[in-house]
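What follows is one structure encoded as structure tokens, with my remarks underneath.
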Amino acid sequence: MLRAGVLSSVGGALGLQAPESAAAAAGTAGRVDARDWKRLADALSPGATLYRPGGSVYPALALPFNHRYAGIRPAGIVACATTEDVSQAIRWARSVGLPAVPRSGLGHNYAGYSTTTGLLLNMARMKSIVSTPAPGGAHPRDYGPMKVVHNAGTVTVGAGVTNGDLHPLLEDHGMFVPTGRCPSVGVAGLVLGGGIGFSDKMFGLTCDRLVATTVVLADGRAVKASKDKHPDLFWACRGGAGNNFGVNTSFTFQYEQFEGTVGFYQLRWSLDSVLPVIAAAQHIAQETVGDRRFHLRLGIGTSGMTRTQIHANANVNAIGQYYGTVQELRAILDPLLKIGTAEERARNSASVRQVTPGEASVLLSATTPIDRFATKSAILNSRNLLTDQQVSAAAQRLLDWPGSSNEDGAGFAMFALGGEINRVPPNATAFVHRNDLFVFAAETSWADYDRPSVAEANLHWLKQFYADIFRDKWPEHAYQNFPDPTLKNWRQAYYGTNYPRLVDVKRKYDPTGFFDYPQAIGTR
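Using my numbering, read the sequence shown as starting at 967 and increasing by one per residue.
Okay, here's the thing in structure tokens:
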């Protein structure tokens, strides 16, 4: 979420709970003998592979992206090539009493829920991308220098496809599905939890573009869910988070066809300007909440190991794009462009320019922090936007960050909502956060080789940072794609009034709770 002072996209050894009872799962795994493993290997397609501990490939596949959970080691890993591989793996896991957990991409799940001491289903080989243009001659709509054919066709992707895999479609063919900014994040995890990005106000969340998905259920059956087939499951797959109802193996999205250019901006100030910048940016977000063309992410951040480095690197920043002219974009950004020193104003003004959608995708991309990190999120609306007092508290606490060797640093990011996102009723999909202004994420990071005391200090700091900001206005909601394993009221925070309906779907499609983890949808 946050990158060392310029904010990027956004358990284990420190006592956090593993995705399931590690001792119980490890004990069960110990009772699975070589004949059982051979039976699984024999059931897989020629394109799939079973990996066990001790093999040369196993360590790289076992390691989750957030190394906080590197100590959770799967009993086995199936690199799946087909939906039938997933079905066979799930049936086998049930027969021997092991949990099965899917992982798309590199396993970015912030709380470590995409790893297991049971059977890990690695989906990275399921990389198919098939597009189907819509029949008929749709007419493009002009947004300044950009022409867009809305709902130009569909694209079906395998569960191993990442945000970065879809970039060539945009760069080479002008085909676009709204996804996140981190190239290595799997589209599967993104869409199942909602999916925010730099075009979501214009085209909706990633889950809003979903028209069908194939799901392997807990009994090994594969079903296709859409508005016409298994509509309750389809509803739940749009915001109900992954590994709750089954293993999704493919997704069909509506895509847009682009031609032309978009406006881009990247603004940065010293932390001295934090109060006027956050106030102006929040006002702009309120004023443009219904303008689907304008996209904004703002925040504060720092990095370093010493007090001098942390103070020198502390900054406030904003980045985004606009489907319209540079002149229109400058008018929207005018309050921000007037803030700061003469040097900052000149640099920020120069950053506002027209670029191709492909160039914008590259400029807006950033990975989640490397090595080890922790996040706490919130959903902000017009009633709980940050006050000057809250921003001051955040800035003061930022300067007290304990530091680490991780250059991604710490801070917070605010991703503006509105436009098409807020035009969807809260109960139309499982994603309930439809009348809000920002997804807020506070984050800290540290390196693999930092001392345990550094990790402990970072986690303590994050807890205090969040508490300082929301001391008098504790948020009711949080973003399910930024899971926080310490969140006690996560059912209400992630899903709100949609949670009981999610329980009904869980009871129907996974009545025994085979797909389970500490924050999984329950059966009651």
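Backbone N, C-alpha and C define an ideal beta-carbon position, used for all residues, glycine too.
Only a predicted model underlies this, so the values are computations on that prediction, with no experimental measurement involved.
Item: Burial state of residue 1025, where buried means 16 or more other Cβ atoms lie within 10 Å; Value: exposed
Item: Touch test, the segment 1160 to 1176 against the segment 1140 to 1150, Cβ-Cβ under 8 Å, three pairs minimum; Value: yes
Item: Contacts around residue 1457, its chain only, beta-carbon distance under 6 Å, and the 5 residues preceding and following it disregarded; Value: 1465
Item: As assigned by DSSP and simplified to three states, the class of residue 1310; Value: helix
Item: Terminal residues of the alpha helix (DSSP H) in which residue 1263 lies; Value: Run containing residue 1263: none in the alpha helix (DSSP H); it sits in the beta strand (DSSP E), 1263 to 1268.
Item: Among 1014, 1012 and 1042, nearest to residue 1021 - alpha-carbon criterion; Value: 1042
Item: Segment contact flag, the segment 1442 to 1461 with the segment 1471 to 1489, C-beta cutoff 8 Å, min 3 pairs; Value: yes
Item: Three or more C-beta pairs below 8 Å linking the segment 1437 to 1453 and the segment 1337 to 1355; Value: yes
Item: Contact the segment 1056 to 1075 vs the segment 1098 to 1113: 3+ CB pairs below 8 Å; Value: no
Item: Every unbroken beta strand (DSSP E) inside the segment 1413 to 1456 [3 residues or more]; Value: none
Item: Pair within 8 Å by beta-carbon distance, residue 1240 and residue 1282; Value: yes
Item: Span separating the alpha-carbon of residue 1061 from that of residue 1152; Value: 29 Å
Item: 6 Å CB neighbourhood of residue 1363 in its chain, flanking five on each side removed; Value: 1431 and 1434
Item: Residue burial classification, residue 1477 (beta-carbon count within 10 angstroms, cutoff 16); Value: exposed
Item: Reduced DSSP category for residue 1275 - H, G, I as helix; E, B as strand; rest coil; Value: helix
Item: Beta strand (DSSP E) segment containing residue 1219, residue limits; Value: 1213 to 1226
Item: Own chain residues within Cβ distance below 7 Å of residue 1414, not counting five before or after; Value: 1033, 1337 and 1338
Item: Residue environment, residue 1201, which counts as buried when at least 16 other CB atoms sit within 10 Å; Value: buried
Item: From 1335, 1177 and 1173, residue whose alpha carbon lies closest to that of residue 1119; Value: 1177
Item: Buried versus exposed, by CB contacts within 10 Å (16 or more), residue 1208; Value: buried
Item: Under 8 Å between C-beta atoms of residue 1137 and residue 1324; Value: yes
Item: Residue 1381 to residue 1009 span [Cα, whole Å]; Value: 45 Å
Item: Residue 1374, DSSP secondary structure in three states; Value: coil
Item: Whole-angstrom C-beta distance between residue 1436 and residue 1265, which should lie under 8 Å; Value: Going by Cβ atoms, the distance from residue 1265 to residue 1436 rounds to 16 Å, so no, they are not a contact pair.
Item: 8 Å Cβ cutoff met for residue 1182 and residue 1052; Value: yes
Item: Neighbourhood of residue 1361 by C-beta distance below 7 Å, restricted to the same chain and skipping five residues each side; Value: 1237, 1240 and 1266
Item: Per-residue burial, residue 1088 [other beta carbons within 10 Å of its own, 16 or more giving buried]; Value: buried
Item: C-beta atoms of residue 1462 and residue 1472 nearer than 8 Å; Value: no
Item: Separation of residue 1294 from residue 1078, as counted between CA atoms; Value: 42 Å
Item: Per DSSP, the bridge partner or partners of residue 1380; Value: 1264 and 1406
Item: Cutoff 7 Å; reference residue 1019; Cβ partners in own chain excluding five residues on either side; Value: 1039
Item: Residue 1247 versus residue 1227 - alpha carbon distance; Value: 24 Å
Item: Residues near residue 1242 in its chain [Cβ-Cβ closer than 6 Å; skip 5 each side]; Value: 1305
Item: Assigned exposure category for residue 1442 - 16 Cβ within 10 Å defines buried; Value: exposed
Item: Proximity of residue 1386 and residue 1258 at Cβ, strictly below 8 Å; Value: yes
Item: Cβ-Cβ separation, residue 1347 to residue 925 (assumed contact under 8 Å), whole Å; Value: Because residue 925 is not part of the residues shown, which for the chain are 967 to 1490, the question remains open.
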